[in-house]
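Student: Sharing a structure below in structure tokens format, with a few things to ask.
Number of protein chains: 2
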Amino acid sequence: MRPENASAFSAGYLYFRFIPRRLYGKISYYSPGGGLFLNVAIMGYGTVGSGVAELLAKHHEHIVKKSTQSELELKYILDIRDFDGLPGNAVFIKDFDIILNDPAVQIVVETMGGLHPAYEYVLACLKAGKSVVTSNKELVAEKGYELLTAAEEMNVNFLFEASVGGGIPIIRPISQCLAANEIVEIAGILNGTTNFILTRMIHDSMSFEAALKIAQDNGYAEKDPTADIEGHDACRKICILASLCFGKHVYPKSVYTEGITKITLDDVECAHAWGGVIKLIGRAKKLPDGRISAMVSPSLIHSSSQLASVDDVFNAILVRGDATGDVVFYGRGAGKMPTASAVVADVIDCAKHHERKKLFGWADSDDSYVVDRLDTVTSLYVRCALKSPDALARADAAFGEIVRIPYFDPEGSIAAFTTAAATERELFAALDSLDCIEPLSVIRVTDY
Amino acid sequence: MRPENASAFSAGYLYFRFIPRRLYGKISYYSPGGGLFLNVAIMGYGTVGSGVAELLAKHHEHIVKKSTQSELELKYILDIRDFDGLPGNAVFIKDFDIILNDPAVQIVVETMGGLHPAYEYVLACLKAGKSVVTSNKELVAEKGYELLTAAEEMNVNFLFEASVGGGIPIIRPISQCLAANEIVEIAGILNGTTNFILTRMIHDSMSFEAALKIAQDNGYAEKDPTADIEGHDACRKICILASLCFGKHVYPKSVYTEGITKITLDDVECAHAWGGVIKLIGRAKKLPDGRISAMVSPSLIHSSSQLASVDDVFNAILVRGDATGDVVFYGRGAGKMPTASAVVADVIDCAKHHERKKLFGWADSDDSYVVDRLDTVTSLYVRCALKSPDALARADAAFGEIVRIPYFDPEGSIAAFTTAAATERELFAALDSLDCIEPLSVIRVTDY
Numbered sequence: 001m002r003p004e005n006a007s008a009f010s011a012g013y014l015y016f017r018f019i020p021r022r023l024y025g026k027i028s029y030y031s032p033g034g035g036l037f038l039n040v041a042i043m044g045y046g047t048v049g050s051g052v053a054e055l056l057a058k059h060h061e062h063i064v065k066k067s068t069q070s071e072l073e074l075k076y077i078l079d080i081r082d083f084d085g086l087p088g089n090a091v092f093i094k095d096f097d098i099i100l101n102d103p104a105v106q107i108v109v110e111t112m113g114g115l116h117p118a119y120e121y122v123l124a125c126l127k128a129g130k131s132v133v134t135s136n137k138e139l140v141a142e143k144g145y146e147l148l149t150a151a152e153e154m155n156v157n158f159l160f161e162a163s164v165g166g167g168i169p170i171i172r173p174i175s176q177c178l179a180a181n182e183i184v185e186i187a188g189i190l191n192g193t194t195n196f197i198l199t200r201m202i203h204d205s206m207s208f209e210a211a212l213k214i215a216q217d218n219g220y221a222e223k224d225p226t227a228d229i230e231g232h233d234a235c236r237k238i239c240i241l242a243s244l245c246f247g248k249h250v251y252p253k254s255v256y257t258e259g260i261t262k263i264t265l266d267d268v269e270c271a272h273a274w275g276g277v278i279k280l281i282g283r284a285k286k287l288p289d290g291r292i293s294a295m296v297s298p299s300l301i302h303s304s305s306q307l308a309s310v311d312d313v314f315n316a317i318l319v320r321g322d323a324t325g326d327v328v329f330y331g332r333g334a335g336k337m338p339t340a341s342a343v344v345a346d347v348i349d350c351a352k353h354h355e356r357k358k359l360f361g362w363a364d365s366d367d368s369y370v371v372d373r374l375d376t377v378t379s380l381y382v383r384c385a386l387k388s389p390d391a392l393a394r395a396d397a398a399f400g401e402i403v404r405i406p407y408f409d410p411e412g413s414i415a416a417f418t419t420a421a422a423t424e425r426e427l428f429a430a431l432d433s434l435d436c437i438e439p440l441s442v443i444r445v446t447d448y
Numbered sequence: 449m450r451p452e453n454a455s456a457f458s459a460g461y462l463y464f465r466f467i468p469r470r471l472y473g474k475i476s477y478y479s480p481g482g483g484l485f486l487n488v489a490i491m492g493y494g495t496v497g498s499g500v501a502e503l504l505a506k507h508h509e510h511i512v513k514k515s516t517q518s519e520l521e522l523k524y525i526l527d528i529r530d531f532d533g534l535p536g537n538a539v540f541i542k543d544f545d546i547i548l549n550d551p552a553v554q555i556v557v558e559t560m561g562g563l564h565p566a567y568e569y570v571l572a573c574l575k576a577g578k579s580v581v582t583s584n585k586e587l588v589a590e591k592g593y594e595l596l597t598a599a600e601e602m603n604v605n606f607l608f609e610a611s612v613g614g615g616i617p618i619i620r621p622i623s624q625c626l627a628a629n630e631i632v633e634i635a636g637i638l639n640g641t642t643n644f645i646l647t648r649m650i651h652d653s654m655s656f657e658a659a660l661k662i663a664q665d666n667g668y669a670e671k672d673p674t675a676d677i678e679g680h681d682a683c684r685k686i687c688i689l690a691s692l693c694f695g696k697h698v699y700p701k702s703v704y705t706e707g708i709t710k711i712t713l714d715d716v717e718c719a720h721a722w723g724g725v726i727k728l729i730g731r732a733k734k735l736p737d738g739r740i741s742a743m744v745s746p747s748l749i750h751s752s753s754q755l756a757s758v759d760d761v762f763n764a765i766l767v768r769g770d771a772t773g774d775v776v777f778y779g780r781g782a783g784k785m786p787t788a789s790a791v792v793a794d795v796i797d798c799a800k801h802h803e804r805k806k807l808f809g810w811a812d813s814d815d816s817y818v819v820d821r822l823d824t825v826t827s828l829y830v831r832c833a834l835k836s837p838d839a840l841a842r843a844d845a846a847f848g849e850i851v852r853i854p855y856f857d858p859e860g861s862i863a864a865f866t867t868a869a870a871t872e873r874e875l876f877a878a879l880d881s882l883d884c885i886e887p888l889s890v891i892r893v894t895d896y
């Protein structure tokens, strides 16, 4: 890494070390040019963490320039595993306390994943006056309010652009560019694994199981794919987005979450006949009383929607503002370099705003903030076995009105239809009351 | 506007007026709480300017909070026309010098459009130490380097998020979120009017003339639609984007620009048969020697592209980064409130970074920076009359290889094909050399 500059660089480093200055309680090393000499530590040298180290090395000069400081140096990489080959001047360490107790480390990158010990480490770093950048969606979704509050108290940054949408810029555009809007709704395809599986089902008529197998073979799904296919990953992301858009923390436990494991090729075909596709959608909406509705579920999306053509591992996030209308952000929602580039952009921002933190955050919320999903309004797609000749007429009466979807069934014993919009309480009550049909699939219909 | 606060507000205003402090050469009024009392002026009360005034009033409290200052007050609106009804406490004025000479006005919004006198006014404001926010793409495309330099010299902001993509956040994501990337290419549907016309031609088989008429009737096209349909508007926008992405000013005169006036329904049908659509695409690409290629022209886009499904007045911008891969930003590229919301977001940013300017800018360039369009590599779609039985065989030989597009022509006298990729110099030379075909349409084929 930058061998041509190594000696000049080390000399500069020694020089700066002897003129430390205390700045907002943190030790900083001023260069004669005025910028700061900042040290970075990475916690977790997995896919994303190693990508961050790679980018910091590859675009070093460009990154330092963008940071407006005089140097950004990767000092430590914390990981319990052993690795060969050191990136640049960085040192591999296994003891977190080295980072915590080194006042020269002012920006910490957390790419460990999981809640523990990531949470304890990040909190300790913030309380020690270090800025933290994370790609850990579980951490932000569960502990965002607490960590943002700790960051605010210590006048440091806690940034997490990479936690949602991988390389798609979304956190910052929401908080900055859309600042003059009231955001009324947000929805998106937030999980690449499930979108890859659904794309194979839609375009290649592959079964869910076969598509999952291919996703695993290609490294798009983990051995234990639960977090993806059951919607937990998408849930964490919509929680982060909703917290940011609407100003109060949305906790994953309060968001009804349904995965894609029950989707069949029959449903995929019906969706096509209806004029659209099935996607796993995370969404959140502001209600007139200040509360929000939020949900993750498979959804029928019309072909004319910008979300309908988002295929494979790509993600897309639709933000509906009162002034802007719909704005959609599209790109790779995961992957080593896209995610690492989002982390590094945050590191640059931390460095740039070293002396003055970025304003960024949300309030805490109580259990009543997210409404019961039964109170949300939607329309449903229902595929069902017909148990009596007048089953559809009775369904039409029970739901107010239904629209049949052409469904190829030579024996006429199965039908598919969509209902009018109503609360889920009303719709599922109507469904329960109908003994003349046996639901095979029930999927929400959205209008994004 | 905020009548309930008017008296408290006026009292506060008077109070602040008596404790001016000199700050970086500018007079600022501190509130006891620590934030600044900032005044805003709007130059040009047309569609966008009046939208800005509306948003500043409607979301006043939210905007002030986001700005982290104690007050953001609209003080003057400059327009040569007379208007009824004053927005809030603002005063309509016709004399630019009032804004220029009032030290309390620290943020000026330029929504006049056109190059003169917008350029002279903006330059004077910057030189007087005022930050400027503009939605004027012509101004930024022609004078961006000069105005950014003036802003830098005076340590003030010059922001122009609204100049490209209306309400789509694009300038800021490029400069910040994608900071850790090297951007290698950028392309987009940058003009809503032409996209509306092409959408009508594609989906409703309407002629160009009929579609233009509808666009004019709907207010999507001006009486004199030249700037839109000839591609000049898209050209200004790709110049701004390319300047930002690649770091040197790209002047409109150096960018080959072709509009959509020659597109026929036959071409639309051929594009469909080929597997895609025709869109007006502005694009710029970094070349290995540090120069760039840049162009605006109708282009064949494959249906699988995220740009293919961008219809009506919507815009979309694709940014290709070395780490992120393709990221696409989609939304309303024009319109009063989307554009105004982008302006207000910039005003908020100006207020927030009042004491420390945002780093933002690019270098100047010389005539050699944008390569001759004849040196750019592309493949072509050609629809032509065949003047000899062996015309297509000879075309195949001349172009290296051609791929025929099914074209319904009962007499077999017209054919359509795409060529292999080569420089435009080679392709157009081959076309000129072929006396056996008479080109009816020649359109570039892109791979976005």
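Residue numbers (the numbering used here), protein chains in the order written: chain H, 1 to 448; chain D, 449 to 896. Glycine included, C-beta positions come from ideal geometry on N, C-alpha and C.
Starting from the C-beta of LYS734 (chain D), find all residues in its chain whose C-beta is less than 6 Å away, skip the five residues before and the five after it, and write them out in chain order.
Tutor: Taking the second sequence and counting its residues from 1, one reaches residue 734 (chain D) at position 286. So the qualifying residues of the chain are VAL632, PHE694 and ILE740.
Student: Going along chain D, which residues have a C-beta under 7 Å from LYS66 (chain H)?
Tutor: The residue given as residue 66 (chain H) occupies position 66 in the first sequence. In chain order: ALA627.
Student: Could you give the C-beta distance for ASN763 (chain D) and ILE662 (chain D), rounded to a whole number, given that I count them as a contact under 8 Å?
Tutor: Looking up residue 763 (chain D) in the second sequence gives position 315. Looking up residue 662 (chain D) in the second sequence gives position 214. Contact flag wrong, Cβ pair sits at about 19 Å.
Student: Pull up the distance between the alpha-carbon of LEU484 (chain D) and that of GLU401 (chain H), whole angstroms please.
Tutor: As a working mapping, residue 484 (chain D) is identified with position 36 in the second sequence. As a working mapping, residue 401 (chain H) is identified with position 401 in the first sequence. Approximately 58 Å, taken between the alpha carbons.
Student: Can you name the start and end residues of the alpha helix (DSSP H) that MET602 (chain D) belongs to?
Tutor: Within the second sequence, numbered from 1, the residue matching residue 602 (chain D) stands at position 154. 585-602 is the span of the alpha helix (DSSP H), which, as asked, contains MET602 (chain D).
Student: Please list, in chain order, all residues of the same chain as THR516 (chain D) whose beta carbon is under 6 Å from its beta carbon, the five residues on each side excluded.
Tutor: What you label residue 516 (chain D) is simply residue 68 of the second sequence in a count that begins at 1. Excluding residues within five positions, the ones whose Cβ falls inside 6 Å are LYS800.
Student: Closer than 7 Å by beta-carbon distance: list the chain H residues that pair up with ARG731 (chain D), in chain order.
Tutor: Against the second sequence, residue 731 (chain D) aligns to sequence position 283. Near ARG731 (chain D) there are no residues of chain H at all, since even the closest Cβ is about 17 Å away, more than 7 Å.
Student: Kindly list the residues whose CB is nearer than 6 Å to the CB of ALA610 (chain D), restricted to its own chain and excluding five residues on each side of it in sequence; keep chain order.
Tutor: Here residue 610 (chain D) corresponds to residue number 162 of the second sequence, with the count starting at 1. Closer than 6 Å at Cβ, skipping near neighbours: SER583, THR787, ALA790 and VAL791.
Student: Could you check what DSSP says for GLN176 (chain H) in three-state terms: helix, strand or coil?
Tutor: As a first step, residue 176 (chain H) must be located in the first sequence, where it is residue number 176. GLN176 (chain H): helix per DSSP, three-state reduction.
Student: Just tell me which of H:PHE92, H:LEU123 and H:LEU74 has its CA closest to the CA of ARG81 (chain H).
Tutor: Within the first sequence, the letter at position 81 stands for residue 81 (chain H). Nearest option by C-alpha distance: H:PHE92.
Student: Distance cutoff 8 Å, beta carbons only. Does ALA788 (chain D) sit that close to anything in chain H?
Tutor: The count along the second sequence starts at 1 and reaches residue 788 (chain D) at position 340. At least one chain H Cβ lies under 8 Å of ALA788 (chain D).
Student: Alpha carbon to alpha carbon, how far is VAL382 (chain H) from ALA420 (chain H)?
Tutor: Start at 1 with the first residue of the first sequence, and residue 382 (chain H) comes out as number 382. Start at 1 with the first residue of the first sequence, and residue 420 (chain H) comes out as number 420. Each residue's alpha carbon lies about 12 Å from the other.
Student: So, is ASP228 (chain H) buried or exposed, given that buried needs 16 or more other C-beta atoms within 10 angstroms?
Tutor: In the first sequence, residue 228 (chain H) corresponds to position 228, counting from 1. Buried.
Student: Nearest CA to the CA of PRO746 (chain D): which residue from D:ALA756, D:PRO858 and D:TRP810?
Tutor: Locating residue 746 (chain D) in the second sequence gives position 298, counting from the first residue. For PRO746 (chain D), the nearest C-alpha among the options comes from D:ALA756.
Student: Just by C-beta distance, which residues in the stretch 593-619 of chain D are closer than 7 Å to chain H?
Tutor: From the stretch 593-619 of chain D, only GLU609, GLY615, ILE616 and PRO617 have a Cβ closer than 7 Å to chain H.
Student: Beta-carbon within less than 7 Å of ILE63 (chain H)'s beta-carbon, same chain only, minus the 5 sequence neighbours each way: which residues are those?
Tutor: Taking the first residue of the first sequence as position 1, residue 63 (chain H) is located at position 63. Taken in chain order, the residues that qualify are LEU56, LEU72, VAL344 and ILE348.
Student: Helix or strand or just coil, what does DSSP make of THR647 (chain D)?
Tutor: Here residue 647 (chain D) refers to the residue found at position 199 of the second sequence. It is helical.
Student: How many angstroms separate the CA atom of LEU380 (chain H) from the CA atom of PRO389 (chain H)?
Tutor: The count along the first sequence starts at 1 and reaches residue 380 (chain H) at position 380. The count along the first sequence starts at 1 and reaches residue 389 (chain H) at position 389. Computed Cα separation, rounded: 22 Å.
Student: Round the Cβ separation of LYS248 (chain H) and TRP362 (chain H) to the nearest angstrom and send it over; I've been treating them as touching at under 8 Å.
Tutor: As a first step, residue 248 (chain H) is located in the first sequence; it is residue number 248 there, counting from the start. As a first step, residue 362 (chain H) is located in the first sequence; it is residue number 362 there, counting from the start. Indeed they touch by this definition, with Cβ atoms about 6 Å apart.
Student: Suppose contacts are defined by Cβ-Cβ distances below 8 Å. Is ALA444 (chain D) in contact with ARG731 (chain D) by that definition?
Tutor: Any answer about residue 444 (chain D) is impossible in this case: the structure gives chain D only from 449 up to 896.
Student: On a CA-only basis, which of H:ASP326, H:ALA395, H:VAL370 and H:ALA104 is nearest GLU182 (chain H)? Give me that one, please.
Tutor: In the first sequence, the residue the question calls residue 182 (chain H) occupies position 182. Of H:ASP326, H:ALA395, H:VAL370 and H:ALA104, the residue nearest in Cα terms is H:ASP326.
Student: Give the single residue among D:ALA846, D:ALA628, D:LEU626 and D:ASN666 whose Cα lies nearest to the Cα of GLY640 (chain D).
Tutor: As a first step, residue 640 (chain D) is located in the second sequence; it is residue number 192 there, counting from the start. The shortest Cα separation from GLY640 (chain D) among D:ALA846, D:ALA628, D:LEU626 and D:ASN666 belongs to D:ASN666.
Student: Roughly how many whole angstroms lie between the Cα atoms of GLY333 (chain H) and THR378 (chain H)?
Tutor: Working through the first sequence from its first residue, we reach residue 333 (chain H) at position 333. Working through the first sequence from its first residue, we reach residue 378 (chain H) at position 378. Roughly 27 Å between the two C-alpha positions.
Student: Exposed or buried, what is HIS354 (chain H) when buried is set at 16 or more other beta-carbons lying within 10 Å of its beta-carbon?
Tutor: By 1-based counting over the first sequence, the position of residue 354 (chain H) is 354. It counts as buried.
Student: Using the beta-carbon of each residue, which ones in chain H are nearer than 8 Å to PRO621 (chain D)?
Tutor: The count along the second sequence starts at 1 and reaches residue 621 (chain D) at position 173. Residues of chain H passing the Cβ test: PRO169, ARG172, PRO173 and CYS177.
Student: What would DSSP say about LEU840 (chain D), mapped onto helix, strand or coil?
Tutor: To locate residue 840 (chain D), count along the second sequence from 1; it is residue 392. DSSP places LEU840 (chain D) in helix when its eight states are reduced to three.
Student: From the DSSP output, which residues share a beta bridge with ASN39 (chain H)?
Tutor: By 1-based counting over the first sequence, the position of residue 39 (chain H) is 39. DSSP, once it has assigned bridges, lists H:GLU73 and H:VAL105 as partnering ASN39 (chain H).
Student: Looking at the secondary structure, which residues open and close the beta strand (DSSP E) in which SER368 (chain H) lies?
Tutor: As a working note, residue 368 (chain H) is residue 368 in the first sequence. It is not in any beta strand (DSSP E) - SER368 (chain H) carries neither H nor E in the DSSP assignment.
Student: How long is the line joining the alpha carbons of THR709 (chain D) and ILE645 (chain D), rounded to whole angstroms?
Tutor: Taking the first residue of the second sequence as position 1, residue 709 (chain D) is located at position 261. Taking the first residue of the second sequence as position 1, residue 645 (chain D) is located at position 197. Distance between the alpha carbons of THR709 (chain D) and ILE645 (chain D): 10 Å.
Student: Any beta-carbon of chain H closer than 8 Å to the one on THR582 (chain D)?
Tutor: Here residue 582 (chain D) is taken as the residue at index 134 of the second sequence, counted from 1. So no, THR582 (chain D) is outside the interface.
Student: Give me the residue from D:ALA878, D:LYS727 and D:ASP760 with the minimum Cα distance to SER751 (chain D).
Tutor: Position 303 of the second sequence holds residue 751 (chain D). Comparing Cα positions, the closest option is D:LYS727.
Student: Cβ of LYS578 (chain D) versus every heavy atom of the ligand PLP: is any distance shorter than 7 Å?
Tutor: With respect to the ligand PLP, the structure shown offers nothing to examine, as it has no ligands at all.
Student: Among D:SER861, D:ALA658, D:CYS625 and D:ARG648, which has the Cα closest to the Cα of LYS66 (chain H)?
Tutor: Taking the first residue of the first sequence as 1, we reach residue 66 (chain H) at position 66. The shortest Cα separation from LYS66 (chain H) among D:SER861, D:ALA658, D:CYS625 and D:ARG648 belongs to D:CYS625.
Student: Applying the criterion that 16 or more other CB atoms from any shown protein chain within 10 Å of the CB defines a buried residue, is ASP527 (chain D) buried or exposed?
Tutor: Along the second sequence, read from residue 1 onward, the residue named residue 527 (chain D) stands at position 79. With 16 or more Cβ atoms within 10 Å of its Cβ, ASP527 (chain D) is classed as buried.
Student: Is the separation between the beta-carbon of THR866 (chain D) and that of LEU822 (chain D) shorter than 8 Å?
Tutor: Counting from 1 along the second sequence, the entry for residue 866 (chain D) is found at position 418. Counting from 1 along the second sequence, the entry for residue 822 (chain D) is found at position 374. No. Outside cutoff.
Student: Just checking: is the beta-carbon of TYR778 (chain D) within a distance shorter than 8 Å of some beta-carbon in chain H?
Tutor: Here residue 778 (chain D) refers to the residue found at position 330 when the second sequence is read from its first residue. It does: the Cβ of TYR778 (chain D) has a partner Cβ on chain H nearer than 8 Å.
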